[in-house]
Amino acid sequence: ITLDVDPDFEHGLLVDTGAAVSLEGVPVPKDAIGYTGIGARTLRVTNDGDAAARLVLLGGTPFAEELVMFWNFLGRSSEEIQRFRDEWQAGGDRFGRVDGYIGHGGPNRNAADMSWLPAPTLPATPLRPRRTTPPHARPS
1136 ITLDVDPDFE HGLLVDTGAA VSLEGVPVPK DAIGYTGIGA RTLRVTNDGD AAARLVLLGG
1196 TPFAEELVMF WNFLGRSSEE IQRFRDEWQA GGDRFGRVDG YIGHGGPNRN AADMSWLPAP
1256 TLPATPLRPR RTTPPHARPS
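According to the numbering used here, the sequence shown is numbered sequentially starting from 1136.
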């Protein structure tokens, strides 16, 4: 399939199911994201396998600022990440809830008998932002 896309967007293709999916001729394994960067007006997606594939296409304008990333949190500073982690650990409303979670402890419970996944402990040193690189990624 060939998809028309916005050339100002960077795109990622998440392969949820399927074993022979390619994006622009580059294989994308199951549970991985194939990244294209900006500039493309179309994206060519192929499934050379016998089984159907389930894919999620993500896209949007690239972030212009440097961002701090830790676990499932994305922020602008180490302090902001700390606030997000504190809110998550406290069960705040910011992150919503997941109903129907079945963990190793049974319905709505993980192995530690919790109804949610606790965030890892932050490192003792401040987190640094990721370098912002130009969002141009094309297969060679």
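In this text, a Cβ means the ideal position worked out from N, Cα and C, and glycines have one as well.
Could you check what DSSP says for residue i in three-state terms: helix, strand or coil?
i	result
R1282	This structure cannot settle anything about residue 1282, because the visible part of the chain is limited to 1136 through 1275.
D1141	coil
R1265	coil
S1250	coil
P1146	Sequence check: residue 1146 is His here, not Pro. DSSP places H1146 in strand when its eight states are reduced to three.
T1152	strand
P1162	strand
I1136	coil
S1275	Here the model assigns S1275 a pLDDT of 46, short of 50, so the residue's position is not dependable, and the following value carries that caveat. Three-state result, S1275: coil.
G1169	strand
If residue i sits next to residue j, beta carbons under 8 Å apart, how far is it from one beta carbon to the other, in whole angstroms?
i	j	result
G1147	Y1170	5 Å
I1168	E1145	No, I1168 and E1145 are not in contact; Cβ-Cβ is about 11 Å, not under 8 Å.
V1156	N1182	5 Å
V1203	I1216	5 Å
A1246	W1206	Not a contact, Cβ separation roughly 18 Å.
For residue i, which residues from the same chain have a beta carbon less than 6 Å from its beta carbon, with the 5 sequence-adjacent residues on both sides left out?
i	result
V1191	L1149
D1141	none
Compute every distance between the C-beta of residue i and the non-hydrogen atoms of the ligand ATP, then say whether any falls below 7 Å.
i	result
E1201	This structure simply doesn't include the ligand ATP, nor any ligand for that matter.
Which residues in the same chain as residue i place their Cβ atom closer than 7 Å to its Cβ, once the five residues preceding and following it in sequence are excluded?
i	result
G1184	G1153, A1154 and A1155
With a threshold of 8 Å on Cβ separation, who are the neighbours of residue i within its own chain once the five nearest residues in sequence on each side are excluded?
i	result
D1139	R1176 and T1177
D1143	I1173 and T1196
Three or more beta-carbon pairs under 8 Å between the region 1162-1178 and the region 1218-1227, yes or no? Two segments are said to touch when three or more pairs of C-beta atoms, one from each, lie closer than 8 Å; by this definition the region 1162-1178 does not touch the region 1218-1227.
For the region 1171-1232, which segments carrying the beta strand (DSSP E) assignment without a break, of at least 3 residues, lie completely within its bounds, in sequence order? Listed in chain order, the complete beta strand (DSSP E) runs (minimum 3 residues) inside the region 1171-1232 are 1177-1182, 1189-1195, 1203-1205 and 1208-1210.
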